[in-house]
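**Q**
Numbering (my numbering), first residue to last: 32 to 120.
1. Tell me, which residues are paired with residue 98 by DSSP?
2. Looking at the structure shown, is residue 63 part of a helix, part of a strand, or coil, going by DSSP?
3. Am I right that residue 107 and residue 78 are in contact with their C-beta atoms under 8 angstroms? What's the rounded C-beta distance?
4. If distances are taken between C-alpha atoms only, which option among 41, 57, 104 comes closest to residue 81?
5. Per DSSP, which residues does residue 75 bridge with? Please list them.
6. Measure how close the beta-carbons of residue 34 and residue 44 come, nearest whole angstrom, since I'm counting them as under 8 angstroms.
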């Protein structure tokens, strides 16, 4: 990876972790996004979208991700979503 790719990778990990996805899993997702970029795949993940939010469930004390535009969020699945808006990373 070149310097720009490394910086993008690190910003992605920080964003993914901020949404409540733990470090090792966040690194795996960032790897998948890197290879997606290298392959020229145009699909996106919810973790890259400004509409993906995270909150703590008061009953279970677990962090949950949700989409502010749709009912279901698929945080780490590559997909094409008409509501996708690039999140500031």
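Note that CB positions come from ideal geometry on N, CA and C, so glycine has one too. For clarity, every value in this text was computed on a predicted model and none was experimentally measured.
**A** Inspection of the coordinates gives the following:
1. For residue 98, DSSP records a beta bridge to 83.
2. helix
3. Contact between residue 107 and residue 78 holds: their C-beta atoms lie close to 6 angstroms from each other, under 8 angstroms.
4. 104
5. 110
6. Not quite, the Cβ-Cβ distance comes to about 16 angstroms (not below 8 angstroms), so this is no contact.
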